[in-house]
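Going by our numbering, the sequence shown opens with residue 120, and the numbers climb by one from there.
As structure tokens, the structure follows; a few thoughts come after it.
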Amino acid sequence: MALPQGELGAIASFHFATAGIDAPFDAWRSLLSIIFESAPSKASSPSNFHADLMVHHFGSFLLCRTVTGSGRYRRTETTQIRDDIDHIVISSCVRGVIALADPASRRLRQGDVAIFDLSAPAAFAMTAAEGIHLILPRTLLPASLAPVYPTACRILARDTAMAIFIRGILDALMSAVSRLTSAEAIALGGSVPNLLASCLGPAAPSAETKGDLGRRLRRHIEDNLHHSDLTLSRLTRDLGVSRSQLYRQFGATGGVEAYIRRRRLRRCLLILCDARHADRRIGDIAYEMGFTDEAHFSRLFRRLFGLSPRSARNAARGDSSDLSGLLWPAGGGSFGSWLTSLTTG
């Protein structure tokens, strides 16, 4: 069953467990349907299946722990078109075995670390496995690591230096999550993706270089937020797309201009709450992120986050509970809404 969202320290959490459910695998399949097509293992009964999922929302990424029975999962082109999930998943195998079938037959064993691109097809089977997973939008990682084209799963063997280091990061986050303050959580939301990027290195080259239009647009926007002239006209010119294509890509989230504004404001929030930027003027931060008027920026910031830029900075310094609502979407939400909110801003 899905338990009510709550807080562990300053972090919003979502807990799902199949205990007490009459059709446990069906419930699990429904929960994961936003990213995977699921089927029970041929060697086990669906009625005896068990699964437990804990998700923690850090604002810019999700940290998850899964404990599951045997099952088969796949992500197809149809799934990708339907959900438009554009995320990277970094997984640490705590116990059990994950057998990958697509694009190549490989095994993820205890201690190994895998990097999955959810824009790429995948098929795998799990046997009584436990794992820790960090899910983040592609745009939070540099283009060399998370390019606009789909990349195959990468596996870091458990005894390699980077696997040991990344495994330690995921373990530390999971151990500390109940003790983090709001300010610490926001700081980690801004710094952990950069730390992981320095560990993972560039993705393997691919014959495909152009990539899906949505991924190209989001990457271009993220890399150019600091330009005040990042407008519809500039996007159509830079990427060779029409206005109608832009409307189709961002219509469900309020339009491209609203998307750009949210991404700029979220970036400003992370900078304001980062102790390394405590001596910077709020106006300078706003101008750096493409805003041309400090008063207008402050009004937009308050409208989105419910407090002024100065109040957000002061709250981060004093760890006020006012910051908690900035970490995750208002109203709790579901696992699916949390996933999509990472992309939509």
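Backbone N, C-alpha and C fix where the C-beta goes; we use that ideal spot for every residue, glycine too.
What are the partner residues of residue i, as DSSP defines its beta bridges?
i, result
"A241", "R194"
"T185", "L172 and G250"
"R273", "I234"
"H206", "P256"
"V216", "T246"
"R225", "L219"
"A280", "Answer is none; A280 lacks a bridge partner."
"E156", "R193"
Would you mind stating whether residue i and residue j have Cβ atoms separated by less than 9 Å?
i, j, result
"S160", "L151", "no"
"V296", "L336", "no"
"A218", "A241", "no"
"L275", "V232", "yes"
"A271", "D236", "yes"
"I251", "I207", "no"
"S310", "A434", "no"
"F168", "T198", "no"
"Y268", "D357", "no"
"S210", "L182", "no"
With a cut-off of 8 Å on the beta carbons, I'd call residue i and residue j a contact; round off their distance for me.
i, j, result
"G425", "I153", "28 Å between Cβ atoms; not a contact."
"L389", "G308", "7 Å"
"H176", "I130", "7 Å"
"T246", "V216", "5 Å"
"I379", "L349", "6 Å"
"I254", "F144", "Going by Cβ atoms, the distance from I254 to F144 rounds to 22 Å, so no, they are not a contact pair."
"M408", "R386", "6 Å"
To which residues of the same chain is residue i closer than 7 Å at the C-beta, ignoring the five residues directly before and after it?
i, result
"R214", "Q229, A248 and E249"
"L384", "L419, F420 and L423"
Just to confirm my understanding: we take residue i, look at its own chain, exclude 5 residues before and 5 after, and list those with CB closer than 8 Å. What are they?
i, result
"L351", "R362, L365, V375 and E376"
"T355", "S361, R362 and L365"
"L127", "Confidence at L127 is low in this model, with a pLDDT of 48, below 50, so its placement is unreliable and the value that follows should be read with caution. Cβ neighbours of L127 beyond the five flanking positions: H175, V296 and S297."
"E413", "I401, G402, A405 and Y406"
"L391", "I401, I404, P428, A431, R432 and A435"
"D278", "G230"
Cutting at 6 Å between CB atoms, please list the residues of its own chain near residue i, excluding the five before and the five after it.
i, result
"A170", "T137, W147 and T187"
"F410", "F416"
"T459", "none"
"S163", "S189"
Do three or more CB pairs link the segment 181 to 192 to the segment 260 to 275 at distances below 8 Å?
Using a C-beta cut-off of 8 Å, the segment 181 to 192 makes no contact with the segment 260 to 275, since fewer than three inter-stretch Cβ pairs fall below that distance.
Assess, as a yes-or-no matter, whether the segment 339 to 348 is touched by the segment 299 to 317 under the definition of 3 or more beta carbon pairs within less than 8 Å.
Taking a cut-off of 8 Å on C-beta distances, the segment 299 to 317 does not touch the segment 339 to 348, as fewer than three cross pairs fall below it.
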